Each structure stands twice: as structure tokens, then as C-alpha cells.
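Under the working numbering, read the sequence shown as residues 26 to 190, first letter to last. From the three backbone atoms N, C-alpha and C, an ideal C-beta is built for every residue, glycine too. All values reported here derive from a predicted model rather than from experimental measurement. Data block below; observations after.
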Amino acid sequence: MSTEKFFIADPYNEEHIKMLHKFEEKNEIRTKTSAYLENIKTHYNKEEYAEYVKNDNKIYQCLFLQLEGEIIDSCYIQGEKDTKSAKIFFAPITNSSKNRQIVSLATDYAFHVLGIEDIFVFVSLEDKALKNMLEKKDFESLGQEGKMIIYSKTKEDIKEERRRI
Numbered sequence: 026m027s028t029e030k031f032f033i034a035d036p037y038n039e040e041h042i043k044m045l046h047k048f049e050e051k052n053e054i055r056t057k058t059s060a061y062l063e064n065i066k067t068h069y070n071k072e073e074y075a076e077y078v079k080n081d082n083k084i085y086q087c088l089f090l091q092l093e094g095e096i097i098d099s100c101y102i103q104g105e106k107d108t109k110s111a112k113i114f115f116a117p118i119t120n121s122s123k124n125r126q127i128v129s130l131a132t133d134y135a136f137h138v139l140g141i142e143d144i145f146v147f148v149s150l151e152d153k154a155l156k157n158m159l160e161k162k163d164f165e166s167l168g169q170e171g172k173m174i175i176y177s178k179t180k181e182d183i184k185e186e187r188r189r190i
């Protein structure tokens with residue numbers, strides 16, 4: 026039985042870059058995370074990059090789910106350590122299911138590993154499945170901005186949910 030595996034994309038892992046490139050082509054994704062990771066490798070060696078990530082206030086990470094050697098879903102987290110806030114952009118996948126595991130995994134990762142307090146998710150107006158999923162996961166719609174709908178969730182919301190249980 027195959028199981029999904031959750032990864033943080035590593036710019037020094039060629040397999041991650043190849044899988045991301047294939048995923049981006051398959052889903053016709055224009056914003057290329059694979060190119061971003063390649064760019065990191067050309068500007069930093071592994072040790073310099075680790076030091077940069079540790080000391081920089083900005084957070085830039087790609088997370089993905091892998092099944093049988095292929096990426097099936099991904100997202101990009103862009104945040105700031107000092108304000109403890111982050112934006113999450115989920116990949117616009119063509120065969121989007123009603124239950125995208127990466128939503129819960131990325132949210133938990135942002136709150137509990139990165140120490141984020143406020144998450145904002147930007148969703149295309151056409152992605153009804155993702156909008157419905159975020160609403161079921163108690164994300165609050167902040168309304169439309171351009172061609173996107175912005176959703177938010179705070180760590181405080183989770184604490185309040187646990188108190189009610």
C-alpha cells in the first residue's frame with residue numbers, strides 16, 4: 026500500500042527539483058518553484074543558505090506531498106518571523122480533489138513548526154473546491170482582492186476550538 030509523504034522542498038536535492046518541474050508542467054503552473062530552487066543553488070552553497078535561512082526574517086518554503094515518486098500537491102509559504110504571519114499559496118492543480126491533505130499539513134506546519142500566529146491563504150475565484158475546503162477547516166473569508174479571495178486563520182482560533190471541545 027502506497028502512502029503519501031510530506032516534504033519541505035530542498036534546493037540541494039536534485040530529485041525534489043525534478044519532481045517539482047514535472048508537477049509544474051503536468052498542472053500548467055506558471056510560477057515555477059523549481060526555477061526558484063535552482064536559483065538558490067546558483068547563489069548559495071548549502072552552508073551559506075542554511076545560515077541565511079536561520080538569520081533572515083523572511084520565510085520562503087515550498088512544501089509538497091509525494092505519492093509513488095511523484096508530487097501530487099504542493100504549496101508555497103511566504104512569511105515573516107517577527108510578525109509571525111504567513112501567506113500560503115496552494116498549487117492550482119488540475120485534478121483537485123475535495124480533500125487536499127496539504128491544506129491541513131501546511132497549516133499545522135506553519136503554526137507548530139514555524140511559529141506562525143496568522144495565516145492568510147490566497148485562492149483563485151475559480152477554485153471552488155479549495156474555497157469549500159478552507160471554509161470547512163474554519164478559515165475565515167476576508168473577501169475578494171483582484172482575482173483572488175483571501176482567507177485567514179489564526180493560532181488563537183485553534184486554541185478557542187480546543188476549549189469548546
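Close Cβ partners of residue i (< 6 Å) along its chain, the five nearest in sequence each way excluded
| i | result |
| --- | --- |
| residue 101 | 87 and 114 |
| residue 136 | 180 |
| residue 30 | 91 |
Reference residue i, options the options, closest by Cα
| i | options | result |
| --- | --- | --- |
| residue 9 | 81, 103 and 166 | Because residue 9 is not part of the residues shown, which for the chain are 26 to 190, the question remains open. |
| residue 54 | 35, 98 and 158 | 98 |
| residue 42 | 105, 172 and 63 | 63 |
| residue 166 | 154, 145 and 172 | 145 |
Length of the line joining the Cα atoms of residue i and residue j
| i | j | result |
| --- | --- | --- |
| residue 147 | residue 71 | 31 Å |
| residue 92 | residue 28 | 6 Å |
| residue 32 | residue 149 | 24 Å |
| residue 34 | residue 168 | 30 Å |
Enclosing beta strand (DSSP E) for residue i [first to last residue]
| i | result |
| --- | --- |
| residue 110 | 110-115 |
Those residues which DSSP pairs with residue i across a bridge
| i | result |
| --- | --- |
| residue 133 | In DSSP, residue 133 forms no bridge with anything. |
| residue 165 | 177 |
| residue 146 | 113 and 176 |
Endpoints, alpha helix (DSSP H) assigned at residue i
| i | result |
| --- | --- |
| residue 78 | 71-80 |
Contacts around residue i, its chain only, beta-carbon distance under 8 Å, and the 5 residues preceding and following it disregarded
| i | result |
| --- | --- |
| residue 95 | 44, 47 and 48 |
Neighbourhood of residue i by C-beta distance below 7 Å, restricted to the same chain and skipping five residues each side
| i | result |
| --- | --- |
| residue 82 | 105, 106 and 107 |
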